[in-house]
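>
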Amino acid sequence: MTTPVVEVRDLRKAYGAAPSAPGSGEGPGVHGVSFAVTPGEIFGILGPNGAGKTTTVECLAGLRDTDGGALMVLGVDPQTHPERVREDLGIQLQESHLHDKITVEEALRLYAAFYSDPADVEELLTLLDLQDKRRTQFAKLSGGQKQRLSIALALVGRPKVAILDELTTGLDPAARRATWDLVERVRATGVTILLVTHFMDEAERLCDRLVIIDRGRVVATGTPGELIDRLDDARAVRLRVAPDARRRALAALTPLVGTPDVAAVETDGDEIEVRGTRRVLFAVVPALAAADVVPDDVRTVSRTLEDVFVAVTGRAYDPDAAPGATDPDLSLTNTMDGADR
Numbered sequence: 041m042t043t044p045v046v047e048v049r050d051l052r053k054a055y056g057a058a059p060s061a062p063g064s065g066e067g068p069g070v071h072g073v074s075f076a077v078t079p080g081e082i083f084g085i086l087g088p089n090g091a092g093k094t095t096t097v098e099c100l101a102g103l104r105d106t107d108g109g110a111l112m113v114l115g116v117d118p119q120t121h122p123e124r125v126r127e128d129l130g131i132q133l134q135e136s137h138l139h140d141k142i143t144v145e146e147a148l149r150l151y152a153a154f155y156s157d158p159a160d161v162e163e164l165l166t167l168l169d170l171q172d173k174r175r176t177q178f179a180k181l182s183g184g185q186k187q188r189l190s191i192a193l194a195l196v197g198r199p200k201v202a203i204l205d206e207l208t209t210g211l212d213p214a215a216r217r218a219t220w221d222l223v224e225r226v227r228a229t230g231v232t233i234l235l236v237t238h239f240m241d242e243a244e245r246l247c248d249r250l251v252i253i254d255r256g257r258v259v260a261t262g263t264p265g266e267l268i269d270r271l272d273d274a275r276a277v278r279l280r281v282a283p284d285a286r287r288r289a290l291a292a293l294t295p296l297v298g299t300p301d302v303a304a305v306e307t308d309g310d311e312i313e314v315r316g317t318r319r320v321l322f323a324v325v326p327a328l329a330a331a332d333v334v335p336d337d338v339r340t341v342s343r344t345l346e347d348v349f350v351a352v353t354g355r356a357y358d359p360d361a362a363p364g365a366t367d368p369d370l371s372l373t374n375t376m377d378g379a380d381r
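All the letters of the sequence shown, read from the start, carry residue numbers 41 to 381 under our numbering.
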């Protein structure tokens, strides 16, 4: 059995009140979070803002004291010996910031000086596509470039484990996709990644395995595929037909309700949605063909991690829930400053 590089067992951390009893889940913080990360994987910590994700990784990095539970990073307890994990743990925090006038290369060389065996700055500039920005001041970088620099700083110590916290927040779609590609390239170098995110699509795209955290507790764990497959086998087909064929389409599809593969037929604007089992499409197509209705558009609606969240919590996923519900805004600066070394 592969030894985990990160282990979290029954982690508890409370804010603003006495520490919550195990399993109580009351008050802000985290309440009994547990998971393990194996070498070489991208492991996701997914949940809405304020769920306790950042508190969890800051405890792992030794930046916050815990109220209970056990933590191990590469066989070391970061709460009792944080200095022993700093060479092997890189972290990119959500609220990190550099001096406006420091250039990309200056920042990398400064941070490299904090380590006994730092990565080659030129290699990092190449890996992060920052060669052309080496002399650009931090204040003049775009959002995506700042995030790439932040990741480079997390990697400058040659870490075995890297924590990336909300690295695509505020980026445009093109920059987000480029950052996703970058994360996969970093993993390919042998770095194990803990990816903290509130974006369902990001977790589904990147993560080998993940935990979903809500209100300070783990509510689901597994691979994205496993979590989705644990839902029932319901599927839906959405189709759009010409206005003059709409009545015939509904007349053909409505009688299917109650048959083994069709549970409901509903209209949604100019679309018709047919819900049922995995075989619902096989029921829809022959019915439309018999009525001589050719849809302008047909698509199946796949289950997502958002459906998993709804199933396990009983409420809709709100990624932008106000921070502070369980994870107060107690932002820290980037861990790799001179004071910490």
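Glycine residues also receive a C-beta, built at the ideal position from the N, C-alpha and C atoms.
In terms of alpha-carbon separation, which member of ARG255, ARG249, ALA276 and ASP272 lies closest to PRO392?
A query on residue 392 cannot be resolved here, the shown segment of the chain reaching from 41 to 381 and no further.
> When you compare each of ASP347, ASP241 and GLY309 to LEU269 by their alpha carbons, which one comes out closest?
For clarity, residue 269 is Asp in the given sequence; the question names Leu instead. Here the closest residue by C-alpha is ASP347.
> Just the Cα atoms here: how many angstroms apart are LEU267 and LEU195?
Spanning the two alpha carbons is a distance of roughly 31 Å.
> In angstroms with no decimal places, state the Cα-to-Cα distance between PRO300 and GLY130.
Each residue's alpha carbon lies about 53 Å from the other.
> Excluding the five sequence neighbours on either side, which residues of its own chain have a C-beta within less than 6 Å of the C-beta of VAL116, listed in chain order?
Cβ neighbours of VAL116 beyond the five flanking positions: ARG124 and VAL125.
> Compare the beta carbon distance of VAL231 and ALA274 with 8 Å and say whether it is the shorter of the two.
The answer is no: Cβ separation not under 8 Å.
> Relative to the alpha-carbon of ARG339, which residue among ALA330, LEU345, ALA329 and VAL325 has its alpha-carbon at the smallest distance?
Nearest of ALA330, LEU345, ALA329 and VAL325 to ARG339, Cα basis: VAL325.
> ASP128 to GLU206, Cα distance in whole Å?
Computed Cα separation, rounded: 21 Å.
> Looking at ARG52 and THR106, is the spacing between their C-beta atoms short of 8 Å?
It is a contact, given that the beta carbons lie within the stated cut-off.
> Would you call the stretch 141-152 and the stretch 161-173 in contact, with 3 or more CB pairs under 8 Å?
These segments touch.
> According to DSSP, is ALA153 part of a helix, a strand, or is it coil?
Coil at ALA153, not helix or strand.
> Going along the chain, which residues of its own chain have a beta-carbon closer than 7 Å to the beta-carbon of ALA218, five neighbours each way excluded?
So the qualifying residues of the chain are GLY184.
> Which whole-angstrom value describes the C-beta separation of VAL251 and THR261, a residue pair presumed to lie in contact below a C-beta threshold of 8 Å?
The Cβ separation is near 5 Å, so the contact holds.
> Looking at the strands, I want to know which residues DSSP matches up with MET112.
Partner(s): GLU47.
> What does ALA276 pair with, by DSSP beta-bridge criteria?
Per DSSP, ARG315 and VAL341.
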